[in-house]
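The block underneath contains the structure these notes are about, expressed in structure tokens.
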Amino acid sequence: MEKIKKRKVVIISSRLCKLGGESFGGSEKVLWDDVRILKEEGIPIKIYAIDSFLENNIIKIKVHKKMPPFLISIEYIGKILYKEKDSFFLCYNEPMPAGFFPSKTIIRFDWLTGLPRYWKISPFINRFKNSNYLFPSESIREKFLRKYPSIPQEKTHVLYNSVDLTLFKPFELNRNFMRIGFAGQWIKRKGVLVLLKAWEIVKTILPQAELLIAGGSNLWKTTSLISQEDKEVVKIINEFENRGYIINKGLLKYEKMPEFWNSVNLAVIPSLSESFGLVALEAMACGTPVIASNVGGLKEIVNEECGILVPPGDYNRLAEAIIFLFKNPSLLKKMAEASIKRAKEFSHQKRKCKFLQILNNIFKL
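This is the structure we're talking about:
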């Protein structure tokens with residue numbers, strides 16, 4: 043890493059939040075993990091962010107409120123390029139500005155929905171060919187290469203997210219109850235409505251079972267951006283709570299999540315799409331087996347020894363899986379033990395070694 047240590051790494055992100063705060067999601071955790079690794083290696087860094095809940099050590103990119111962030115940031119590209127012309131660049135989910143930076147650039151994607159259409163148009167595509175790409179799962183990399191076949195495959199890399207095994211760990215595996223947990227945003231994409239439909243079926247068979255839900259309608263508090271569909275999700279969750287069908291734990295701070303996962307004996311992640319699914323790893327590290335949708339990175343994390351995969355959107359199959367595991371407590375306990383073992387394969391140390399290897403290969407002079 044000696045070559046890198048001679049140069050500064052500039053990080054550009056669309057948004058940042060307080061480490062471990064209530065708005066702290068998977069994407070934010072990955073960014074802070076990377077910052078921690080760079081600092082541990084003594085590599086100087088500077089961070090630019092469009093939206094930030096932090097006041098110190100972050101350079102705020104001023105924007106025009108009526109324009110989308112990925113367009114706004116173009117105005118400041120020239121200034122950043124001039125100031126940081128001798129630096130390496132790490133861009134997190136900011137595809138447009140990243141394409142205008144030099145070849146020593148890594149663009150990290152946790153999702154592909156925000157990519158601008160002009161990526162397919164020359165000469166823009168030629169600019170992006172100079173960059174390297176980092177994905178949290180093979181699934182997202184494959185989708186990217188199918189969408190942009192002119193990008194050289196050797197410039198794409200998979201770096202799985204990691205789980206903090208010092209924080210997420212089991213308290214007690216003998217959990218003599220029927221309690222499942224869901225943690226995430228209350229939005230349609232997270233499959234909340236699928237879960238609630240499945241839960242109605244489960245309650246008819248296992249009336250003693252409980253469902254704990256943690257999260258909120260909009261972690262970024264920009265109410266005007268909540269779609270009508272997602273508002274309906276919140277409405278239905280409130281109705282279920284009023285009926286006594288669910289236990290609403292609300293927004294939890296990150297350090298409280300191990301306690302949450304240890305208070306249930308089954309985690310359900312019914313996402314309709316998911317780039318990785320860090321929440322699955324965090325639950326598994328606590329000895330909590332997972333029932334997840336067979337999508338994205340989830341199918342690369344959850345195997346038959348530590349959980350069950352079901353088709354996305356299929357609430358009948360989801361209900362069947364929940365009922366099956368609750369009716370087979372010995373299998374559930376066996377899966378709990380396997381979950382802990384599986385989570386250890388995604389440790390911070392393993393991710394750090396892979397991350398530094400990728401940086402060294404790309405940024406070498």
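According to this note's numbering, the residues represented by the sequence shown are 43 to 407, in order.
Cβ coordinates follow ideal geometry from the N, Cα and C atoms, glycine included.
- DSSP places Thr246 in the uninterrupted alpha helix (DSSP H) bounded by Val234 to Ile247.
- In the assembly as shown, Leu293 is an exposed residue. Its beta-carbon has fewer than 16 other beta-carbons within 10 Å.
- The beta carbon of His390 lies closer than 6 angstroms to those of Ser204 in the same chain, with the five residues before and after it left out.
- Considering only Phe318, Lys375 and Glu70, the residue with the shortest C-alpha distance to Tyr134 is Glu70.
- Straight across, the Cα-Cα distance linking Pro300 with Gly329 is about 10 angstroms.
- Selection Lys273, Leu314, Gly319 and Ala256 evaluated against Ser305 yields Ala256 as nearest (Cα-Cα).
- For the pair Met377 and Gly349, the CB atoms are nearer than the 8 angstroms cut-off.
- Contact between Ile333 and Leu360 is confirmed by a C-beta separation of about 7 angstroms, below the 8 angstroms threshold.
- Here the alpha carbon of Pro212 sits roughly 16 angstroms from the alpha carbon of Phe219.
- Taken through DSSP and simplified to helix, strand or coil, Ile182 comes out as helix.
- Of the candidates Ser335, Glu346, Ile149 and Phe368, the residue whose Cα lies closest to the Cα of Asp356 is Ser335.
- Of the candidates Lys273, Trp74 and Ile53, the residue whose Cα lies closest to the Cα of Tyr90 is Ile53.
- Annotation for Leu323: no beta strand (DSSP E) segment contains it, though the alpha helix (DSSP H) segment containing it runs Leu320 to Ala327.
- With three or more CB-CB distances shorter than 8 angstroms, the segment 170–182 counts as touching the segment 303–318.
- Judged by their CB atoms, Tyr202 and Arg384 are not nearer to each other than the 8 angstroms cut-off.
- Judged by DSSP in its simplified three-state form, Gln250 adopts coil rather than helix or strand.
- Each residue's CA atom was taken as its position, placing Val352 and Ile311 some 10 angstroms apart.
- Here Ser192 is exposed, its C-beta having fewer than 16 other C-beta atoms within 10 Å.
- The C-alpha of Phe388 is placed about 13 angstroms away from the C-alpha of Val200.
- For Arg285, DSSP records no beta bridge to any residue.
- Around the C-beta of Arg285, fewer than 16 other C-beta atoms lie within 10 Å, and the residue is accordingly described as exposed.
- Under the criterion of beta carbons closer than 8 angstroms, Met326 and Ser381 qualify as touching, at roughly 4 angstroms.
- Comparing C-alpha distances from Ile289 to each of Lys386, Ile87, Lys341 and Leu238 shows the shortest one belongs to Leu238.
- Beyond the five residues adjoining it in sequence on each side, Trp241 comes within less than 7 angstroms, by CB distance, of Leu253 and Tyr287 in the same chain, given in chain order.
- The beta-carbon separation of Ile247 and Ile365, rounded to 5 angstroms, stays under the 8 angstroms limit for a contact.
- In the structure shown, Val72 falls within a helical segment according to DSSP collapsed to helix, strand and coil.
- Judged by DSSP in its simplified three-state form, Lys230 adopts helix.
- Under the 10 Å beta carbon count, Thr147 is surrounded by 16 or more other beta carbons and is classified as buried.
- If you check the CB distance, Leu398 and Glu83 come in under 8 angstroms.
- Close CB contacts of Asn174 within its chain, under the 6 angstroms cut and outside five residues either way in sequence, are with Ile148, Lys197 and Ile404 (chain order).
- For the segment 333–393, the continuous beta strand (DSSP E) assignments of 3+ residues that do not extend past its boundaries occur at 349–352, in sequence order.
- Comparing C-alpha distances from Asn307 to each of Glu379, Leu207 and Lys386 shows the shortest one belongs to Glu379.
- DSSP, reduced to helix, strand and coil, places Tyr190 outside both helices and strands of the structure shown, so it counts as coil.
- Relative to Gly258, the option among Lys232, Trp228 and Glu271 whose CA is nearest is Trp228.
- For Phe151, there is no enclosing beta strand (DSSP E), as DSSP marks it with neither H nor E.
- By the CB criterion at 8 angstroms, Val344 and Ala322 fall inside the cutoff.
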